[in-house]
Each structure stands twice: as C-alpha cells, then as structure tokens.
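Here is the structure we will look at, set down as structure tokens.
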Amino acid sequence: MALAVWMLYAADRLMDTRLLNIDDIDPTRHEDLEARHYFHRRHRTAFLTGILFCSIALAALLPHLDAAAIRLYLILGGLVAGYFILIHATSSATAQQKVAHRMPKEIAVGLCFAAATFIPTVARRPDLRYPLLPIALVFAALCSLNCLFIYAWEHEDHRTNHPPHAITRVALGNLPALTAALIFCSIAVVLLDRRVPWPISCASALSAAILLLLHNRRLAIARTTLRAAADLALTTPLLLLPIVLR
C-alpha cells in the first residue's frame with residue numbers, strides 16, 4: 042500500500058506539471074503550484090524510474106493479497122482512475138485547475154485513503170465491517186483535515202484565480218471547530234462501542250490535536266516545514282506500537 046500511495050502521489054504531481062517548461066519556475070505565473078510540484082518536474086526522470094520499479098514490486102506482491110481484498114481494491118482503483126482521467130485529461134494547465142477546483146478533492150482523498158487502509162482487514166474479517174465503520178470514517182475525516190490544513194496554509198497569503206469547491210470552502214472556514222469535533226468523535230466511538238480498537242481512536246485524536254497545534258503556530262513556521270509537519274502528524278500510530286505489541 043505504501044508503494045501504491047507513493048506512486049499515485051508522484052504521478053499526480055508529475056501530471057500537474059506536465060504542461061510546464063522545466064525552466065518555468067515563476068510562482069506568479071502558476072499560483073496553484075507549490076515547491077513540491079517544481080521539485081517533481083525537475084527530477085521527473087528519477088520519479089518515473091521510481092514509479093517503474095514500484096510497479097514491478099506491486100506486480101510481485103499482488104498474488105499474495107486475498108482475493109476479496111483485490112476485488113475491493115479494483116473498485117477503489119477504478120474510482121481513483123476516474124479522478125485522474127477527469128483532472129488530467131484536459132489539454133491545458135488552466136483547464137486542469139478549473140476542473141480540479143470544481144471537486145472537493147480534499148474530501149475525496151481522505152475517503153479513498155481510509156478505504157485503502159481498512160480494505161485488508163475487512164476483506165479478511167467481513168464481520169468487522171460494521172464495527173470498524175465509525176472509526177474508519179473518523180480516520181477518513183482526519184486524512185481530509187490533513188489536506189485541508191495544508192491547502193489553507195499554502196493559500197493563506199495569496200488569492201487564487203480558481204476558488205475551491207463550496208464544500209472545501211466551508212470546511213476551510215471552520216477548521217478549528219471541525220478538528221475539535223473530530224477529537225471528540227475519536228474518543229466517543231471507542232467509549233460507545235468496545236469493539237472499536239482504542240489505538241486507532243487514540244492515534245486519530247492525537248494526530249488531529251497536532252494538526253490544530255500546527256495551525257495555531259503556522260505564522261512562526263516556514264510553509265515547507267509546516268507541510269512536512271502536517272504529514273508527520275499522521276505517524277502517531279508509531280508512538281502506540283510498543284504498547285500494542287506488548
């Protein structure tokens with residue numbers, strides 16, 4: 042799954058910038074692109090090579106997956122492929138940006154990533170699908186919050202010609218309240234149903250709290266560092282790993 046997610050991320054960045062000249066690094070001309078886009082563009086040969094090797098590794102790992110998991114991944118993969126086609130099939134960067142901002146992509150990313158994370162478990166244990174649904178939705182909301190916070194930080198100091206989707210705009214205007222609600226829901230789901238794994242609930246609440254802390258300190262942290270810290274905030278399960286394995 043780590044290989045697949047990295048491939049999707051790298052491919053998305055490369056397709057975002059495929060219409061740019063490699064020397065065109067003027068941020069005023071492409072206000073919707075960030076440093077990570079230009080980095081992928083400059084090193085596109087290395088990233089394409091990495092994608093190729095990851096594809097080979099995934100092909101080797103695929104036979105080891107459960108058949109039920111493969112079926113679910115195929116459904117999810119079809120949805121993701123549809124998103125890529127819709128966003129990147131246009132012939133101009135401006136058209137791509139307009140289409141992208143008509144979709145609540147931050148919400149979609151959270152749902153897709155959470156689904157991919159829980160698929161192996163629910164494929165092996167269908168009886169856990171309903172008990173895990175509440176915490177899966179909490180995790181999906183956390184992943185979406187990660188994207189929303191990053192979007193808010195990267196677009197806070199300048200206006201964009203292509204405003205985000207209406208759902209995204211509402212979420213961006215209520216990030217602290219949404220984060221507090223997510224922390225509450227993370228704790229509530231495990232208290233209401235003992236079948237919900239408490240480490241997932243605890244890690245989700247902790248990650249949300251760290252995102253909110255970063256948001257409150259955003260003016261004192263460089264944008265690139267802030268974005269990296271937002272992704273690092275989602276690694277809180279590592280803190281609980283020694284307890285889980287005890």
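FYI, the numbering for the sequence shown is 42 to 287, going by my numbering. We treat Cβ as the ideally placed atom computed from N, Cα and C, and that holds for glycine. It should be emphasised that the depicted structure is a prediction, and the values quoted were computed from it without experimental measurement.
Does DSSP put residue i in a helix, a strand or coil?
| i | result |
| --- | --- |
| A229 | helix |
| T276 | helix |
| R9 | In the structure displayed, the chain extends from 42 to 287; residue 9 sits before or after that span and is not available. |
| M42 | coil |
| P145 | coil |
| D57 | helix |
| L106 | coil |
| E195 | helix |
| R287 | coil |
| R166 | coil |
| T69 | The pLDDT assigned to T69 is 48, lower than 50, so where the model puts this residue is not dependable, and the model offers no usable value. |
Return the residue from the list the options that minimises the CA-CA distance to residue i.
| i | options | result |
| --- | --- | --- |
| H256 | A155, D57, W194 | W194 |
| R236 | I251, A52, R170, I284 | R170 |
| A108 | V230, F80, F125, I160 | I160 |
| H81 | M48, A110, F94, R165 | M48 |
| M56 | T277, A229, T276, I128 | I128 |
| R165 | S248, H206, H105 | H105 |
| L219 | L253, P238, L233, Y192 | L253 |
| C95 | I126, I111, L113, A52 | A52 |
| R264 | W239, E75, P172, L120 | E75 |
| P240 | H206, P217, R287 | R287 |
| L267 | E197, L282, I284, A207 | E197 |
| V231 | L174, L113, G119, R59 | L174 |
| S248 | P238, T277, Y79 | T277 |
| M42 | T58, A101, R85 | A101 |
| L44 | V121, G91, L279 | G91 |
| G123 | L103, Y192, C153, I111 | C153 |
| T162 | I111, I97, L93 | I111 |
| L117 | L99, F88, A98, A157 | A157 |
| G250 | L260, L216, P238 | Here residue 250 turns out to be Ala, not Gly, going by the sequence shown. Cα-wise, what sits closest to A250 is L216. |
Stretch pair the segment 267-277 + the segment 207-226: three plus CB contacts closer than 8 angstroms: no
Sufficient close CB pairs (3 or more, under 8 angstroms) joining the segment 148-156 to the segment 175-195: yes
Length at least 4, wholly inside the segment 202-266: the alpha helix (DSSP H) runs in chain order: 207-213, 216-233, 239-257
Stretch pair the segment 169-182 + the segment 239-253: three plus CB contacts closer than 8 angstroms: yes
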